[in-house]
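Chains as they are written, first to last, in this note's numbering: chain A, 5 to 256; chain B, 2 to 354; chain C, 260 to 530. Idealized CB from N, CA, C, for every residue including glycine.
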Amino acid sequence: MGVGIEVTNLNAWYGATHTLQDINLNIPPNQATALIGPSGCGKSTFVRCINRMHETNPIARVTGTVRIGDLDIYEDAKPVEIRRRVGMVFQRPNPFPTMSIYDNVASGLKLNGYSNRRALDEIVEKSLRNSALWEEVKDELKKKSGASLSGGQQQRLCIARALAVDPEVLLMDEPASALDPVSTSKIEDLIFELKSQYTIVIVTHNMQQAARVAEKTGFFLNGRMVEFDSTHKIFTNPSDKRTEDYITGRFG
Amino acid sequence: MTETRIPKTQVEFQAGPESENGAGSEATAANVPPAISEVRRFLLSRGNSSLADGGFRWLMVICALSIFAIVVLIGTVLVRSSELTRAKFGFKFFFDQMWDPVNGNFGALPFIYGTLVTSLLALLIAVPLALGLAIFLTEMSPKFLRGPLAFITELLAAIPSIIYGLWAVFVLVPLMRDHVNPILIRFFGWTTLFSGDNLGLGFLTSGVILAVMILPIISSLTREVMTAVPHSQREAVLALGATRWEMIRVGVLRNARIGIVGSIILGLGRAFGETMAVTMVIGNTPEIHKSLLATGNTMASVIANEFSEAADDLHLSALIEIGLALFIVTIIINAIARLLVWAVTSGAPARVN
Amino acid sequence: MASGLAILATILVILPLVAIFVYLIYMGASSLNLAFFTQIPKPVGVSGGGMANAIVGSAIILALSSILGVPIGISGGIFLAEFGRGTKLANAIRFTADVLNGVPSIVMGIAVYALVVKPQGHFSAFAGGVALGIMMIPTITRTTEEMLLMVPHAIREAALGLGVPNWRSVLSITLKTASPGIITGCMLAFARVAGETAPLIFTVLGNSFWSTNINQPIAALPLQIYVFAISPYDDWHRLAWAGALVLIILIVLAVSLVRYVTSRGVMKGAS
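Written out as structure tokens, the structure reads:
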């Protein structure tokens with residue numbers, strides 16, 4: 005089951021650039037939360053701070069507090085532990101090219117030393133069903149390489165891979181931006197399905213997408229969070245002038 | 002930490018009875034998600050592996066540092082093993098042309114001379130050819146020839162010294178003796194560069210085989226440097242109404258000249274250290290002759306030739322000191338050459354951009 | 260005119276290669292027979308014989324050198340590509356590796372002589388393995404680095420995002436993805452040292468008889484070719500040519516494989 009995320013005074017730097025400034029935000033559990041804003045506004049950096057991926061770049065720096073459930077992720081745990089609880093789907097599908105479909109889905113568990121084969125079979129099937137890919141690949145699970153699938157299938161494979169470790173939070177960094185419209189709508193349907201079980205944070209530059217899938221929406225601009233409210237409110241009656249300008253297409 | 006919050010008990014995965022036959026278990030897979038799944042519990046039980054990660058990182062660092070260690074180790078062991086001659090002859094060792102193992106007198110000048118003469122000869126022959134090949138490959142060759150020609154140069158670079166030597170002994174030496182040298186003696190004998198006994202062995206033959214051997218490295222590095230010249234440079238020159246050859250000369254060669262010099266120096270480094278092929282055709286006499294047809298010896302080949310027969314410690318020490326000199330010189334040459342080549346290709350590994 | 264010169268240069272470069280290969284195949288093939296692979300050299304004056312002991316000896320020396328050179332070389336490459344990227348230390352190591360690559364093999368030979376043979380008091384296959392292994396390290400380090408850098412960053416992120424420990428991610432994901440390139444790189448390094456003669460002269464010494472003891476002098480193919488080539492006997496010359504042909508076939512295979520793999524694009528479908 006998903007848990008809430010509580011972000012307090014989060015600041016992030018990339019070299020000398022102050023990419024995130026004083027972000028305060030409560031992301032509710034078992035809902036989809038969308039983050040929108042023009043490119044370079046810090047929304048991707050923000051999700052990468054939630055699973056401590058931001059700091060993998062040597063010139064990056066983070067301060068502030070992020071709590072996932074009751075766990076302070078920068079104080080109480082190491083990055084690997086956080087990332088096992090927070091799944092991430094990236095902008096471009098990135099299945100492991102050397103692995104079969106089955107091994108791709110099982111990788112998060114296998115590479116962490118999990119070896120119960122029968123349980124793995126179950127988990128792989130369940131994850132692929134949850135990512136709506138099972139029917140398309142069930143006959144060639146171990147024969148076909150993950151890289152041989154189409155772009156949209158690869159992205160769903162990556163979602164299945166993230167689901168297999170049974171995360172509490174699922175971060176999606178523009179998961180459909182590299183995909184065609186049909187694949188995009190499949191991914192959106194999927195987010196709709198999954199949010200009952202996971203806390204989902206989705207970064208998107210596509211406002212319609214945010215409106216379709218998310219209960220809550222946050223608007224980022226120049227490294228600050230301008231507004232965070234219910235999606236309906238943001239898109240119909242934003243309190244901030246800048247949000248309104250962006251929603252109505254006056255910039256960005 | 003996290004582990005303390007959740008009991009670590011291992012729980013068997015809750016599989017329904019139907020799940021034995023794999024795919025037919027839709028019901029179990031979708032049903033009853035427990036509050037904390039077995040998977041989650043397992044992952045929580047795994048440590049943060051910071052110990053393993055740290056250990057792994059250090060192991061990699063140590064292996065990488067071993068490259069430094071190797072250089073230092075070779076240097077020290079060569080310095081220590083050449084103490085005898087360094088103490089006895091000092092720097093005079095490199096300026097004395099008397100090499101007499103029987104009477105314990107050692108001077109390395111004949112070998113330094115041999116190395117210089119053969120290497121310069123090799124450069125003289127190889128550089129124009131290598132440049133020609135590189136220009137042909139980067140600027141003129143039809144596309145379908147580029148691949149095979151590059152492959153051939155790679156192959157030339159991969160042939161072991163011993164095979165060049167074998168070929169030189171049985172093909173090049175007779176060829177030089179019977180066909181090339183007589184012509185040189187006839188037309189250029191007056192320069193005294195080509196005089197004396199015509200054995201087919203000697204400086205000139207060594208220079209020729211060295212040229213063949215260093216050609217690929219010079220050519221492939223030059224090609225790399227030339228391809229690194231931005232396209233805009235070429236177009237700028239062409240736009241001024243230059244012919245293709247002027248474009249190559251001004252737009253490409255001038256921009257790449259530092260890197261080209263670097264690759265030539267690198268070729269020189271190779272020539273200095275080449276051992277087997279030279280040993281087999283240079284004649285192995287510790288003498289200095291003006292004639293290129295005379296026999297001689299190089300630093301590398303005297304080591305190869307005399308090391309296993311060196312009876313006394315002084316002789317061994319003298320050979321090791323020659324090796325030490327070779328080591329230091331090639332390190333300096335390679336360092337300079339690499340810096341020059343990197344200056345043009347901007348330090349990135351060749352194939353990655 | 261200028262074009263003509265460039266073309267002439269090209270022809271002049273190809274000429275020796277063709278000459279070497281034609282002669283090698285002509286001389287080698289006519290001397291190559293079953294005995295070459297099954298018998299040891301016959302004494303002077305007795306015709307026939309082969310280089311079986313030298314082939315086995317080379318195999319032993321190369322196995323030893325690979326045990327030393329491959330793990331250290333690959334680990335060094337992992338450091339350069341995964342941990343040291345952009346740091347001064349990595350640049351210094353990369354530079355040193357390139358410089359070490361240019362150190363003449365004969366110098367390696369005497370260094371290992373002074374380091375291993377002299378203290379032990381005898382020549383040995385082991386010493387030869389050390390010399391060749393050290394020579395493999397810089398090449399393998401650099402190819403491993405190049406190949407690892409070709410692995411898309413997205414693949415690394417995917418592994419990290421799953422909470423896979425870094426060491427596991429490097430070994431099971433990044434290294435595995437780059438493995439075709441790294442394996443061929445190792446083969447290239449292997450082929451290069453397989454033909455090395457100079458560092459073997461005073462480390463393994465050579466041996467006219469069977470020996471598989473790594474603590475004893477041992478025969479090696481390039482060394483045997485050298486000894487036979489400078490001998491005055493026709494029979495031995497023929498064996499030298501046959502040995503050279505075997506050696507070159509091994510090397511051409513390795514180089515072609517490397518070229519095939521790198522031109523095909525090792526990381527296809529990885530983006």
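Residue interval of the beta strand (DSSP E) (run including residue i)
i	result
A311 (chain B)	Careful: A311 (chain B) lies outside any beta strand (DSSP E) and carries neither H nor E.
Q25 (chain A)	21-31
Y18 (chain A)	9-18
G91 (chain A)	90-93
F50 (chain A)	Looking at the DSSP string, F50 (chain A) is not in any beta strand (DSSP E); the run it does join, the alpha helix (DSSP H), is 47-54.
A38 (chain A)	36-40
D179 (chain B)	No beta strand (DSSP E) holds D179 (chain B); DSSP gives it neither H nor E.
D177 (chain A)	173-177
I206 (chain A)	203-207
Same chain, Cβ closer than 6 Å to residue i, neighbours up to 5 away in sequence not counted
i	result
I273 (chain C)	none
A53 (chain B)	none
P35 (chain B)	The predicted position of P35 (chain B) is uncertain, since its pLDDT is 46 and thus under 50; a value taken from the coordinates is nonetheless stated next. Once the five neighbours on either side are set aside, P35 (chain B) has no close Cβ partner at all.
A450 (chain C)	I510, A513
A182 (chain A)	R96
L224 (chain C)	An answer regarding residue 224 (chain C) cannot be provided, because it is not within the stretch 260 to 530 covered by chain C.
V33 (chain B)	Low confidence applies here, because V33 (chain B) scores a pLDDT of 43, under 50, leaving its location unreliable; read the following figure in that light. Excluding sequence neighbours, V33 (chain B) sits near nothing in its chain.
V253 (chain B)	M227, V230
G335 (chain C)	T400
Same chain, Cβ closer than 7 Å to residue i, neighbours up to 5 away in sequence not counted
i	result
N22 (chain B)	Any reading at N22 (chain B) needs caution, since the residue's pLDDT is 42, under 50, leaving its predicted position unreliable; the model's value is listed next. Result list for N22 (chain B): empty, nothing under 7 Å.
M211 (chain A)	I40, I251
A135 (chain B)	S220, T223, R224, M227
S43 (chain A)	H209
Partner residues on chain B for residue i, Cβ-Cβ distance less than 7 Å
i	result
Y485 (chain C)	I163, M277
F461 (chain C)	F308, S309
N116 (chain A)	L44, R47
Which residues DSSP lists as bridging residue i, in chain order
i	result
W100 (chain B)	B:F107
R71 (chain A)	A:E10, A:D76
I477 (chain C)	C:L464
F232 (chain A)	A:G222
P397 (chain C)	DSSP lists no partner for P397 (chain C).
M57 (chain A)	Paired residue(s): none; M57 (chain A) is not in a bridge.
S149 (chain A)	A:S104
Contact set between residue i and chain B, taken where Cβ atoms lie within less than 8 Å
i	result
I365 (chain C)	G274, T276, A301, I304, A305, G324, L327
L374 (chain C)	L74, V78
Other residues of its chain near residue i: CB distance less than 8 Å, five sequence neighbours each side excluded
i	result
A294 (chain C)	G307, G308, G309
T244 (chain B)	none
K527 (chain C)	The predicted position of K527 (chain C) is uncertain, since its pLDDT is 43 and thus under 50; a value taken from the coordinates is nonetheless stated next. The answer is none, since no qualifying residue turns up.
K291 (chain B)	T193, L194
I283 (chain B)	G115, T119, L202, G203, F204, T206, S207, T296, G297, N298, T299, S302
For residue i, the first and last residue of its enclosing alpha helix (DSSP H)
i	result
T81 (chain B)	The amino acid occupying residue 81 (chain B) in the given sequence is Arg; Thr does not appear at that position. That run of the alpha helix (DSSP H) goes 51-82.
A169 (chain B)	Premise fails: A169 (chain B) is in no alpha helix (DSSP H) and is neither H nor E.
S324 (chain C)	311-337
F296 (chain C)	293-297
Per-residue contacts from residue i into chain A (C-beta, under 7 Å)
i	result
V40 (chain B)	L113, I127, V169, D170
Residues that residue i contacts on chain C, provided the C-beta gap is smaller than 8 Å
i	result
E85 (chain A)	G422
L1 (chain B)	Since the first and last residues shown for chain B are 2 and 354, residue 1 (chain B) lies out of range.
Contacts of residue i in chain A (Cβ-Cβ under 8 Å)
i	result
A413 (chain C)	F94, R96, N98
R427 (chain C)	L115, N116
A417 (chain C)	F94, N98, P99, F100, C162, R165
Beta-carbon neighbours of residue i, restricted to chain B and to distances below 9 Å
i	result
R71 (chain A)	Residues of chain B passing the Cβ test: none, with the nearest at roughly 13 Å.
T403 (chain C)	Near T403 (chain C) there are no residues of chain B at all, since even the closest Cβ is about 11 Å away, more than 9 Å.
T297 (chain C)	Result: empty, since nearest Cβ-Cβ is about 23 Å, beyond 9 Å.
Proximal chain C residues relative to residue i, where beta-carbon distance stays under 7 Å
i	result
T102 (chain A)	K435, T436
N55 (chain A)	G420
Would you call the segment 258-276 of chain B in contact with the segment 423-441 of chain C, where contact means no fewer than 3 C-beta pairs closer than 8 Å? no
Does the count of Cβ pairs from the segment 288-303 of chain C and the segment 361-380 of chain C closer than 8 Å reach three? no
Inter-stretch contact at 8 Å, needing at least 3 Cβ pairs: the segment 334-342 of chain B / the segment 379-387 of chain C: no
Counting pairs of Cβ atoms below 8 Å between the segment 169-177 of chain B and the segment 205-214 of chain B, do you hit three or more? Enough Cβ pairs lie closer than 8 Å, so yes.
Looking at C-beta atoms only, is the number of pairs between the segment 262-276 of chain C and the segment 470-486 of chain C that lie closer than 8 Å three or more? no
Does the count of Cβ pairs from the segment 306-321 of chain B and the segment 98-115 of chain B closer than 8 Å reach three? yes
Under 8 Å, with one C-beta from each stretch per pair, do the segment 154-165 of chain A and the segment 85-101 of chain A reach the 3-pair mark? yes
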